[in-house]
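Residue numbers (our numbering), protein chains in the order written: chain A, 14 to 261; chain B, 14 to 261; chain C, 14 to 261; chain D, 14 to 261; chain E, 14 to 261; chain F, 14 to 261; chain G, 14 to 261; chain H, 14 to 261.
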């Protein structure tokens, strides 16, 4: 809970600036702010270095710009995922410093660049088509205050490329692995290192890849014990979980 | 077609030993022999070095012994797959030289040990639990006249074990890879070598392995282009396809 | 890699006790010990406090006892998962100090009780039927040197029970949540805390639970961003991942 | 059956206004009116306060307008679901008082505002994306004569928001819960109250949400015993069932 | 939120009895334990006529007998579902008045026979094989204080049998319909009546019935709007939901 | 609708014998009992040569014997499908002339051997393992008064065996084709002939055969236009449909 | 086998006109080309009243027009299914008498209106959305020379509408039933009549209808024994099978 | 393992040039970079006649043109699969000799026309809709230096067309079979010949074809032992595997 805001409330009550009844009423209205179609939870934003996150998909540029702009009134970083260039254009008009991370399809406003993560997070992708998902993980981890290193296009059918770069892996405190098709990379990476691996199945692949299901099943059944899995194409979730681990 | 048998028929007709009508009648009864519950195709057995194959499952020991025994009347090797020790006991009584390959659950009678295959077939397994399927492939390939080398317990979570033994892989003319769980091994193996890889998903695994479906999907989506796939647990099919390739 | 063993090899070579050729040969045989049916990777065991792990299922009591006994020759803890009372009886004869954790179906030999984990791991279960899986996670985390606290039978249909115990949750550095049926608990737990949640779908449930698939899908789609998932009923994997995180 | 209409028929026969043969003929043509492509069942409309319902999807604006207009000739409310703004424009030209409920994508003509329902129906949604489905349930329940209260954006990952508003829940006689992703909300709501919960899985979600299947399975496996489920995105069905219950 | 408790807190702060910091701390620990939640569970137990329910499956006879016996210490009815004759024998020794409802596989102790339900609940089954599930619904509804009428073996392939008995249907306040195979019966029943229908797919059927999945899908897609669905074979859930509705 | 009955009603009303209210009431109770429905079931039993059918599975020997015996009181043939030898023993004691068709797992009492079918029905099976299902179709068709010819073990991998026997196919008025594994045989048979083909997927096969699903999908997608499909292993259904067609 | 051809061969060998080796060689080349197969296709075209059928989908208007036009060079009817208005426009230019059946999306040229079918085929649809599929069945059956009667919008949720029209059903020699959603109609229809029912699942429905899969499963599991099933939306196949049956 | 490198290490230790600690350290960094792996990729490029392959899908024309152009700097053939006419236009501007194989949707630059394959590869397709996939296999095999023969439109419902052309099949060293719908053709082809068959399921079909899944399952369950399978629509993979086999 947002101790500071609540403490202020009590101080105002003690100093007589606020009646208890009014205070109860404010407390009731504190937690959720009303933007009309979505209640945003401020508590979340108060956690040190945690960015405000908006899911861009299915929102009009105007809607997204309004939400994004509103969020800037508090401090901290802001991240809009699954955002289109059109949405960015609308945001940009209201929030001059906002930037578009094209490959990740993310709009970011970075105002806090403290390093909250204790070590480095490696983000690994199997093929070039998995990079969009990997980049979403990268942006998320960066906005949450982590040093991130990329290791892309190191799929299992060319295992030497992965092995030649295992220095990056062994230097990481957490590793995110994005892979489509058979989803085999997390198992191989997991076997090479001793730190947690967050696996992200991607919807890359054809025919019996079934939009990421084959990769998801592959990862669920990983023979490496240090692998856990997030949803298909969920780069944000992987970046988020990895960031939490890296803060520990 | 069994040219020799038919040629004899014509010779008998020419020599007058057989009337044309009788010959037509015999021809009609030639192709399929009647064992009561299964018509066995003799044509198949006439291909040089091809073993007679019986599928043991759901047959009583007596039924299997009768079929197996009958097959010995012609030359060549005989293979009964999915065979139990009880079935073997029944076969052994009728066919003294029959042997039981316990891990493969196969009964074999090897009378022809010609090497029909031109090179070596490597049979690789990911884990110890995949060995039963791998052994069925081994037995099949051996009975079809191939030199076989095993490379077991080299799953992708300990990639160095596979790499330490890649000499076996590079010496092979065809490679069979058996793997359950995520079914990732064929991709890795396929990336290391330039010869055809026959992948066999096994029903090994738990939870979301779904009796081999996860491995099957993984293999169908292999990012290595030299991989083709046979049915779940179908060690026989893999050994058969690999043997055909090795004869070319 | 097992630096000490290799260093000894080099020392023996320098002192002339071993010829280089012999040393190469020994090195080749160092990594994998041969137990006949499974190559055990010693490297793994050398990581501080990491237990040796054997998967009990589909092994005869004699086989498991032999492997377990062999593993005792090195130091450290030993864990056999999916082990039956019969298997334990066989192990017990060879390894007097081995203990059976009945609910977890695990055989353990704990010789190292150093606390390698920096904080506490909370293991949460939705219903009483999920406890077997939860206990496997507990045993695994304990053998890997973690303080563990249980929070059982706090499913989402009685949300107040969970809330009344959220002190345990907020005191944890990592949380494992085991749930079958709709698999909703990880989302609720994830929303209450700010640390990583490892979700384990269990095969508990009837009808459209489909042996854990409903729970797995529920967890993959968790609306809480700090949740990642391991395979159905994979208490060991959850305990292992949580332990790695807790060591960071 | 429509007793009144039939009674009139008999009266006309008794009074000699109608011959028995003519009456039989009329009776035959009574039940179904012919609009060319759809037979509408008048019996249904005669139930007190039950609206006429048209499914808008895959109908041209002209077709929908014709049906809607025809239905106005009888009394009572009219509801067209899955209706587009274009369809509304066409309806509006023929039926001046028709209104468009944009979020619910419904065209309504409300002429009867009797409260047939005995209590209040609460309509709950997990996220902002579930609101379209929730609103369809709201419109349906309102047109069927119920008092409805909304409780939106109270998903399980922020359980305090739900708890802070449980007054609405405990005041309801029936509760409708719309949720996508893991579909966990009905279980939590069901555990908080003692009245029937109608769960509506929505197709909201990504990756392994499978267009609402994950939510559907989650709801089918609800650990709360007072939950029953309607089809994915079927807000109309939920509103209809809840209304029937509220009339009891 | 519990405004009164919080108001007291503010009053204590204003009066100086509590420092703001202490107040923040108390607030943090207040929310659930003291805000009425602990009472919620109590409230549940106090609901008039609600039976105690035990799920018998996977419990030993001794375990079930112990639980059942302990539950008798409070008043009210007791229901053990999925219970075997062996479990009943064990229960019977401890609880003399317990009875076994063989077809429903349920152990019951009925001490309260008040009629809490306002009308009659009809329980309909499509085939004779669905009766076990139907009987579980019957027992549940009876123990919860309802008048129940059975209408069995009225599947859609002999529609006249259903129609000949529609008096039972029209006399019901809620209807439960159990059907396997294609699960079509709820649609037909739903079309004949104007009250809520609770559909229960059963795992009866062969081949492509897929253990109740075909029936489940059929019911989810019912073209009758008054149908909602519970889990496969979940007779208890249907009886429970129907009872709640019948109390309204 | 039954115009005559209704006309009588109107006449009675006109003549004053019946009041309109009473007439409405009678009409309400008229529709089905008196409108020919009761006769429908009778009509069914009267259909010449239709056997009484009992589904044996999940019935005790005593139950089956009792039902079977009771059915003998009417004339005509009796067929019990999915019947075990134990069930037959019990039936045999009560019905001396009953016979057991072992391969079909059917108990039959044939008292009417009239040939109701106009032509011959060919029953084809792909492999020896499909014969049980094929035999059920044979028994059903024979008891319904058809001449049946078998064509077994003519799977598509040995297409010449099928072609060598196509005389049987071209002589048939309807063809039943039973096949497991890939379920390809109906397409091939369908392409060879111009009469209806009833395809029966069987649960024969391994791995990705999924208990008949692969065969079912294969048959649903048959590229031959004269193929329709019944449920997996449903030899009875195929025999029944084929018999109806053969009577036309 | 073609005994006569083979007999000639033997006669030639006996008479010395042919050497055995040459005979063997000829036999090898004999089987199919000379054994009646070439004639089989011809035979097909000669079957009285069978239309030429073209599948329109994925063909350009020009391609379809060219094929359609070429087919007119032989006599008989022509049917193009899945054809768009654009394709019809192109066909119309080349084939003046071609007609477009809009609801069925079919282009037809009917030059032979002989009634080849012996009775009437009833085509039944559950809802208005199933009519497109039903009309494809109607067109197919008509072009194949059958009298067809339609019975539309008689779904199971309003069973009285079906019953009121059962005269049409009982007058049919074969019945085609098209239904989406739960696919229950074929079971009900099947129970009312004694002739073969061809069931066509349609892709009509929402959510868990899964593009016709729910209806398909429902029909496969029909509790009426006279039902067989064709592929989803396959109105053509149903019309074709029904026509073959009606010619018998 | 690379014995020579390691042997040198030991020699250096024995000669005192290297301390044991330094040696351990070097060994740790040795394994992959220096043990021949870097050369592996080079080795790949050097394999005689292997084309460079680019996957065209999801690349802009400019991107594809740039990659294609760069690849021309090395010798050998170049193949871009899944390429659109727009992409070809862009490539053509940079690489004058590039050609577009329209049916295969492939851009090729053939500079090496050596025949590396020892025999002929037959590419078979079931229907005209499978030709796109078949042509991709043809182009791939041709660019890899094989003689290819096509055998199109020989589906199993017209088996005589396949049989009439079996000369092509029996002349092949490897056979590729592309089929959608029920995927039955590989089984029939496999039964006619004794060489390996590579089966390619295509996404051709409607309704329950499920975008190639029905064909995939059919092929996995092929009753012909010489069949292995690649992914749905993966003509490239089939051509690649067949080419590798044909080089052996």
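All C-beta atoms, glycine included, are put in the ideal place defined by N, C-alpha and C.
(message) Residues in the same chain with beta-carbon distance under 8 Å from residue 101(E), minus the five sequence neighbours each way, listed in chain order, please.
(response) 111, 113 and 120
(request) Could you tell me whether the Cβ atoms of residue 90(B) and residue 253(H) are closer together than 8 Å? (result) no
(message) Would residue 227(C) and residue 234(D) qualify as a contact pair, given that the criterion is a beta-carbon distance under 8 Å?
(response) yes
(request) Tell me residue 186(B)'s beta-bridge partners as DSSP assigns them. (result) Per DSSP, none; premise fails for residue 186(B).
(request) Take the Cβ of residue 87(A) as the centre, count every other Cβ of all protein chains shown within 10 Å, and call the residue buried at 16 or more, exposed below. (result) exposed
(message) According to DSSP, residue 163(D) sits in a beta bridge with which residue or residues?
(response) 136(D)
(message) As a quick exercise: from 96(G), 158(G), 236(G) and 132(G), pick the residue whose alpha carbon is nearest that of residue 63(G).
(response) 158(G)
(message) Please classify residue 195(F) as buried or exposed, where buried requires at least 16 other C-beta atoms within 10 Å of its C-beta.
(response) buried
(request) Using the Cα positions of residue 261(D) and residue 134(E), report the straight-line distance between them to the nearest angstrom. (result) 13 Å
(request) Would you tell me roughly how many angstroms separate the C-alpha atoms of residue 25(C) and residue 33(H), rounded to the nearest one? (result) 9 Å
(message) For residue 204(D), count the other beta carbons within 10 Å of its own beta carbon; 16 or more makes it buried, fewer makes it exposed. Which is it?
(response) buried
(message) Rounding to the nearest angstrom, what Cα-Cα distance links residue 95(G) and residue 219(H) in this structure?
(response) 12 Å
(message) Just verifying my parser: in three-state terms, what is the DSSP assignment at residue 71(D)?
(response) coil
(message) Between 29(C), 179(C) and 68(C), which has its C-alpha nearest residue 97(C)'s C-alpha?
(response) 68(C)
(request) Using the Cα positions of residue 225(C) and residue 191(C), report the straight-line distance between them to the nearest angstrom. (result) 11 Å
(request) Could you tell me which of 206(H), 163(H) and 81(H) sits nearest to residue 183(H), measuring between CA atoms? (result) 206(H)
(request) Hey, could you find the ends of the beta strand (DSSP E) residue 256(D) is sitting in? (result) That residue, residue 256(D), is in no beta strand (DSSP E); its alpha helix (DSSP H) goes 248–260.
(message) With a threshold of 6 Å on Cβ separation, who are the neighbours of residue 74(F) within its own chain once the five nearest residues in sequence on each side are excluded?
(response) 99, 100 and 103
(request) Check whether the Cβ of residue 233(B) lies closer than 8 Å to any Cβ atom in chain K. (result) Annotation note: the requested chain K is absent from the structure, which comprises protein chains A, B, C, D, E, F, G and H.
(message) Does the CB of residue 204(H) have a neighbour CB from chain F at under 8 Å?
(response) yes
(message) In chain order, what are the residue ranges of uninterrupted beta strand (DSSP E) at least 3 long that sit wholly in the region 79–120 of chain H?
(response) 91–94 and 112–114
(request) Tell me, to the nearest whole angstrom, how far the beta carbon of residue 117(G) is from that of residue 152(G); I am working on the premise that it is less than 8 Å. (result) 4 Å
(request) For the beta strand (DSSP E) containing residue 210(B), list its first residue and its last residue. (result) 210–214
(message) Using 8 Å as the threshold, is the C-beta distance between residue 137(C) and residue 202(C) below it?
(response) yes
(request) Along the beta strand (DSSP E) that carries residue 240(H), what are the first and last residues, could you check? (result) 240–242
(request) Could you please tell me which residues of the region 242–257 of chain G, in chain order, have their CB closer than 8 Å to any CB of chain H? (result) 244, 245, 246 and 247
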